[in-house]
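Trainee: What follows is a structure written as structure tokens; I'll ask about it next.
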Amino acid sequence: MKKKIVAVMMAAMMAALPVSAMASESETSAETEAASEAAETEAASEEETEAAEKVDLTGMKIGVQLGTTGDLSVTEEYGDDAVERYNKGFEAVQALLQGKIDAVVIDELPAEEFVASTEGLKILDGAYSQEDYAICFAKDNQELTDKVNEAIAEIREEGTFEQIANSYVGDNAGENYYESPEDIDRSNGELVMATNAEFPPYEYYEGDEIVGLDVDFAQAIADKLGMELTIEDMAFDSIIAAVTSGKADMGVAGMTVTEDRATQVNFSDTYYTSKQVIIMKDDAAE
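Quick note, the sequence shown lines up with residues -23 to -1, 1 to 263 if you use mature numbering (1 follows the signal peptide of the UniProt record, and there is no 0).
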């Protein structure tokens, strides 16, 4: 049985009130403009609240996973001397517990997993930064990029991605895992996925097997393309090099789209939106 990950997925819902049939065109326009201004004011207020909640880490030693968005963003904001890099997110968390560092900046869902399984830690309120996840490909492999984007669109339209996400995240985590359809023709060859299996619930080991949200998603893509999925585990900062050198066809590892990475690789359409959060000890976070 795959490990249940407890997390909360939230979606914003908006409802439009009907305009009376007796309202004039000018009244309707005024109401629409007022509603738009109210929505903008609310959004700005939320942004201000989030900014106000963001913790100042100046003077602290901050742990990150090498080569991740947390590494890049923390280094840019606080400087290289403030950053302590680890090959695995779990190693950064252990260093925090041992008092070697003051905080860890890491993706939200892995952070929730680490905190749920470790006493004495807390995730601070508010996001450190927002991010979009996508699959990366070699710059000269536009054909595969296009095919995968088509597969992603189909997987979303059919509701398969929602099923995959819900099997790892939320109240129904641990149920209804993705299974490949029977009798798929895999004559189109091998699809090699580079990943870093230290990133639950996206990719992690269960015994000798690599499992996770990204793994099931990649399997669904391979099924659509009629290919055999092969997974290669490696350090996170080696994934782009593996893809650009042709050792792997694609990188799937909760990888955030950034301008710098986009100069090195092609990115698929975004498939998941997450955020970086801050982990601290309970007593330090109070």
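Ideal Cβ placement from N, Cα and C applies to all residues, glycine included.
Would you identify the three-state DSSP class for residue 251, choosing helix, strand or coil?
Mentor: The residue you call residue 251 lines up with position 274 of the sequence shown. Three-state DSSP puts residue 251 in a strand.
Trainee: Are the beta-carbon atoms of residue 192 and residue 111 separated by less than 7 angstroms?
Mentor: Sequence index remark: in the sequence shown, residue 192 carries index 215 (1-based). Sequence index remark: in the sequence shown, residue 111 carries index 134 (1-based). No, the Cβ-Cβ distance between residue 192 and residue 111 is not below 7 angstroms.
Trainee: Among residues of its own chain, excluding the 5 on either side of residue 72, which ones have a beta-carbon nearer than 6 angstroms to its beta-carbon?
Mentor: Taking the first residue of the sequence shown as 1, we reach residue 72 at position 95. So the qualifying residues of the chain are 40, 78.
Trainee: Between 194, 250, 258, which lies nearest to residue 290 when the distance is taken from Cα to Cα?
Mentor: Only positions -23 to 263 of the chain appear in the structure, and residue 290 is not among them; the question remains open.
Trainee: Helix or strand or just coil, what does DSSP make of residue 220?
Mentor: Counting from one through the sequence shown, the residue named residue 220 turns up at place 243. Three-state DSSP puts residue 220 in a helix.
Trainee: With H, G and I counted as helix, E and B as strand and the rest as coil, what does DSSP make of residue 230?
Mentor: Position 253 of the sequence shown holds residue 230. DSSP places residue 230 in coil when its eight states are reduced to three.
Trainee: Between residue 54 and residue 195, what straight-line distance do the alpha-carbon atoms span, to the nearest angstrom?
Mentor: Reading the sequence shown from its first residue, position 77 is the one you call residue 54. Reading the sequence shown from its first residue, position 218 is the one you call residue 195. Their backbone Cα atoms lie some 33 angstroms apart in a straight line.
Trainee: Taking 6 angstroms as the limit between beta carbons, can you name the residues of its chain near residue 319, skipping five residues before and five after?
Mentor: Examination of residue 319 is not possible in this model, given that the chain is present from -23 through 263 alone.
Trainee: In angstroms, rounded to a whole number, what distance separates the CA positions of residue 96 and residue 67?
Mentor: Stepping through the sequence shown from its first residue, residue 96 is reached at position 119. Stepping through the sequence shown from its first residue, residue 67 is reached at position 90. About 14 angstroms.
Trainee: Between which residues of its own chain and residue 203 is the CB-CB distance below 8 angstroms, once the five residues before and five after are set aside?
Mentor: For the purposes of this step, residue 203 is identified with residue 226 of the sequence shown, where counting begins at 1. Hits under 8 angstroms: 161, 162, 163, 164, 165.
Trainee: In three-state DSSP terms, what is residue 27?
Mentor: Indexing the sequence shown from 1 puts residue 27 at position 50. Note that residue 27 scores 44 on pLDDT, short of 50, meaning its location in the model is unreliable and no value can be drawn from it.
Trainee: Starting from the C-beta of residue 29, find all residues in its chain whose C-beta is less than 6 angstroms away, skip the five residues before and the five after it, and write them out in chain order.
Mentor: On the sequence shown, residue 29 is found 52 positions in, with the first residue counted as 1. Because residue 29 carries a pLDDT of 41, less than 50, the predicted location of this residue cannot be relied on, and no value is offered for it.
Trainee: Suppose the cutoff is 8 angstroms on Cβ atoms and the five residues either side in sequence are ignored; what does the same chain contact list for residue 209 look like?
Mentor: Taking the first residue of the sequence shown as position 1, residue 209 is located at position 232. 169, 170, 171, 172, 219, 224, 225.
Trainee: Can you give the Cα-Cα distance for residue 126 and residue 137, rounded to whole angstroms?
Mentor: Against the sequence shown, residue 126 aligns to sequence position 149. Against the sequence shown, residue 137 aligns to sequence position 160. Roughly 15 angstroms between the two C-alpha positions.
Trainee: Between which two residues does the beta strand (DSSP E) containing residue 163 stretch?
Mentor: One-based indexing of the sequence shown puts residue 163 at position 186. Taken as a continuous stretch (DSSP letters only), residue 163 belongs to no beta strand (DSSP E), as it is neither H nor E.
Trainee: Quick one: is residue 88 buried, meaning 16 or more other Cβ sit within 10 Å of its Cβ, or exposed?
Mentor: The residue labelled residue 88 in the question sits at position 111 within the sequence shown. Looking at its Cβ environment, which holds 16 or more other Cβ atoms inside 10 Å, residue 88 is buried.
Trainee: Taking only three categories from DSSP, how would you classify residue 2?
Mentor: By one-based count along the sequence shown, residue 2 stands at place 25. At residue 2 the pLDDT is 44, less than 50, meaning the model places this residue with poor confidence and gives no usable figure here.
Trainee: Taking just the CA atoms, how far does residue 75 sit from residue 214?
Mentor: Looking up residue 214 in the sequence shown gives position 237. Looking up residue 75 in the sequence shown gives position 98. Each residue's Cα considered, the two are about 25 angstroms apart.
Trainee: Measure the C-alpha to C-alpha separation of residue 255 and residue 190 and round it to an integer number of angstroms.
Mentor: Position 278 of the sequence shown, counted from the start, is the residue given in the question as residue 255. Position 213 of the sequence shown, counted from the start, is the residue given in the question as residue 190. Roughly 22 angstroms separates the two Cα atoms.
Trainee: Taking the C-alpha atoms as reference points, what is the distance between residue 131 and residue 93?
Mentor: Taking the sequence shown and counting its residues from 1, one reaches residue 131 at position 154. Taking the sequence shown and counting its residues from 1, one reaches residue 93 at position 116. If you take the alpha carbons of residue 131 and residue 93, they lie about 34 angstroms apart.
Trainee: Have a look at residue 242 and residue 99 and give me their C-alpha separation to the nearest angstrom.
Mentor: The residue you call residue 242 lines up with position 265 of the sequence shown. The residue you call residue 99 lines up with position 122 of the sequence shown. Approximately 35 angstroms between the Cα atoms of the pair.
Trainee: Helix, strand or coil for residue 143? Go by DSSP, reduced to three states.
Mentor: By 1-based counting over the sequence shown, the position of residue 143 is 166. In the structure shown, residue 143 sits in a helix (DSSP, three-state: H, G or I).
Trainee: Give me the Cα-Cα distance between residue 200 and residue 207, rounded to the nearest whole angstrom.
Mentor: Along the sequence shown, read from residue 1 onward, the residue named residue 200 stands at position 223. Along the sequence shown, read from residue 1 onward, the residue named residue 207 stands at position 230. Approximately 12 angstroms between the Cα atoms of the pair.
Trainee: In whole angstroms, what separates the C-alpha of residue 186 from that of residue 83?
Mentor: Residue numbering aside, residue 186 sits at position 209 when the sequence shown is read from its first letter. Residue numbering aside, residue 83 sits at position 106 when the sequence shown is read from its first letter. Going by the C-alpha atoms only, they are around 24 angstroms apart.
Trainee: Taking only the alpha-carbon atoms, compute the straight-line gap between residue 43 and residue 57 and give it to the nearest angstrom.
Mentor: One-based indexing of the sequence shown puts residue 43 at position 66. One-based indexing of the sequence shown puts residue 57 at position 80. Those two C-alpha atoms are separated by around 12 angstroms.
Trainee: Hey, which unbroken runs of the beta strand (DSSP E) at 3 residues or more fall wholly within the segment 100 to 158?
Mentor: Segments of the beta strand (DSSP E) lying fully in the segment 100 to 158: 106 to 110, 113 to 115.
Trainee: Does DSSP put residue 69 in a helix, a strand or coil?
Mentor: Residue 69 sits at position 92 when you count from the first residue of the sequence shown. Residue 69 falls in the helix class under three-state DSSP.
Trainee: Taking C-beta to C-beta, are residue 252 and residue 69 nearer than 7 angstroms?
Mentor: As a first step, residue 252 is located in the sequence shown; it is residue number 275 there, counting from the start. As a first step, residue 69 is located in the sequence shown; it is residue number 92 there, counting from the start. For residue 252 and residue 69, no; Cβs fall outside 7 angstroms.
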